[in-house]
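Student: Please see the structure below; I have some questions.
Residue numbers (our numbering): -4 to 237.
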């Protein structure tokens, strides 16, 4: 993670706002989270014959961990912010918590056996390129070969989506980072992963999501083949090549 991330989320008020305002019931973020939860639970049930271990890197307040409650045999959350992990435990996320340094050697995943699922949500756009590589290198340690499990990574700013229309206006603003499918694929490829599935969860930007007609159009569009390419929020499921 970046220094800015850790500094921001050392503040208990900022952590509380993230959990209870950004992800308030019926908010843009919480609706996407509900869709992702349904997808991930089906994915785990489909892909794993036995319950996997979950390693959630940049776990924040533990949303990805709560998503898989009951489907994993144990969960481990890793984050630079102790305050985020404290909030995760407070709101009912059930996991073992591990604070990791912001930089330095790639953190070691807990040795908890296989199969495993590594999850990374709202990370890629919030950090610099070298931190992205460090994060995927962590996943490669947790998943040493193709039989060891799956990696699921979120891109909440797809450069091929409607959101990209605002890129010129917000050029240079750190919060407006975006990544293309190709960039995510290249990142994963560098660490020996290949994308086996891609799923989009909203065609709308947050500014349009409050419009009922736009929501209806979004729901219809998400059912059409090929629209995942243009979704704002995308999950990539990947497996080691060997």
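Cβ coordinates follow ideal geometry from the N, Cα and C atoms, glycine included.
Among 230, 237, 52, 93, whose alpha-carbon lies nearest the alpha-carbon of residue 127?
Tutor: As a first step, residue 127 must be located in the chain shown, where it is residue number 132. Ranking 230, 237, 52, 93 by Cα distance to residue 127 puts 52 first.
Student: Only counting the same chain, and skipping five residues up and downstream in sequence, which positions put a Cβ closer than 7 angstroms to that of residue 180?
Tutor: Along the chain shown, read from residue 1 onward, the residue named residue 180 stands at position 185. Contacts found: 190.
Student: Taking residue 111 as part of the beta strand (DSSP E), name the residues at either end of that continuous run.
Tutor: Your numbering for residue 111 matches position 116 in the chain shown. Residue 111 -> beta strand (DSSP E) spans 111 to 115.
Student: Can you tell me which of 183, 60, 87, 75 puts its alpha carbon nearest to the alpha carbon of residue 98?
Tutor: Walking along the chain shown from the start, residue 98 turns up at place 103. Considering only alpha carbons, the answer is 75.
Student: For residue 4 and residue 77, what's the separation of their Cα atoms in angstroms?
Tutor: Here residue 4 refers to the residue found at position 9 of the chain shown. Here residue 77 refers to the residue found at position 82 of the chain shown. Low confidence applies here, because residue 4 scores a pLDDT of 48, under 50, leaving its location unreliable and the question unanswered by this model.
Student: May I ask which residues mark the beginning and end of the beta strand (DSSP E) holding residue 89?
Tutor: Taking the first residue of the chain shown as position 1, residue 89 is located at position 94. It is not in any beta strand (DSSP E) - residue 89 carries neither H nor E in the DSSP assignment.
Student: What did DSSP end up calling residue 107 once you bin it into helix, strand or coil?
Tutor: Indexing the chain shown from 1 puts residue 107 at position 112. Note: residue 107 maps to coil in three-state DSSP.
Student: Looking at the unbroken alpha helix (DSSP H) that takes in residue 126, where does it start and where does it end?
Tutor: In the chain shown, residue 126 corresponds to position 131, counting from 1. Per DSSP, residue 126 belongs to the alpha helix (DSSP H) from 124 to 137.
Student: Could you name the residues of the same chain whose beta carbon sits closer than 8 angstroms to that of residue 117, not counting the 5 residues immediately before and after it, in chain order?
Tutor: Within the chain shown, numbered from 1, the residue matching residue 117 stands at position 122. Result list for residue 117: 53, 55, 149, 151, in chain order.
Student: Inspect the beta-carbon positions of residue 107 and residue 69 and report whether they are closer than 8 angstroms.
Tutor: As a position in the chain shown, residue 107 is number 112, starting the count at 1. As a position in the chain shown, residue 69 is number 74, starting the count at 1. Taking 8 angstroms as the Cβ cut-off, residue 107 and residue 69 qualify as a contacting pair.
Student: Per DSSP, what kind of secondary structure is residue 21 in: helix, strand or coil?
Tutor: Walking along the chain shown from the start, residue 21 turns up at place 26. In this structure, residue 21 counts as coil in the three-state DSSP scheme.
Student: Are the beta-carbon atoms belonging to residue 100 and residue 73 less than 8 angstroms from one another?
Tutor: Within the chain shown, the letter at position 105 stands for residue 100. Within the chain shown, the letter at position 78 stands for residue 73. No; because the gap between Cβ atoms is not below 8 angstroms, this pair is not in contact.
Student: Please state whether the Cβ-Cβ distance between residue 96 and residue 136 is less than 8 angstroms.
Tutor: The sequence position of residue 96 within the chain shown is 101, counting from 1. The sequence position of residue 136 within the chain shown is 141, counting from 1. Not in contact: residue 96 and residue 136 (Cβ atoms no closer than 8 angstroms).
Student: Relative to the alpha-carbon of residue 33, which residue among 145, 194, 188, 93 has its alpha-carbon at the smallest distance?
Tutor: Sequence index remark: in the chain shown, residue 33 carries index 38 (1-based). It is 194.
Student: Would DSSP call residue 66 helix, strand or coil?
Tutor: The sequence position of residue 66 within the chain shown is 71, counting from 1. In the structure shown, residue 66 sits in coil (DSSP, three-state: anything other than H, G, I, E or B).
Student: Label residue 82 either buried or exposed according to how many other C-beta atoms from any shown protein chain fall within 10 Å of its C-beta, with 16 as the threshold for buried.
Tutor: Residue mapping note: residue 82 aligns to position 87 of the chain shown, counting from 1. Burial call: buried.
Student: Measure from the alpha carbon of residue 221 to the alpha carbon of each residue in 155, 237, 142, 67, then state which is nearest.
Tutor: Numbered from its first residue, the chain shown carries residue 221 at position 226. Here the closest residue by C-alpha is 155.
Student: Grouping DSSP H, G and I as helix and E and B as strand, with all else coil, what is residue 176?
Tutor: Counting from 1 along the chain shown, the entry for residue 176 is found at position 181. Helix.
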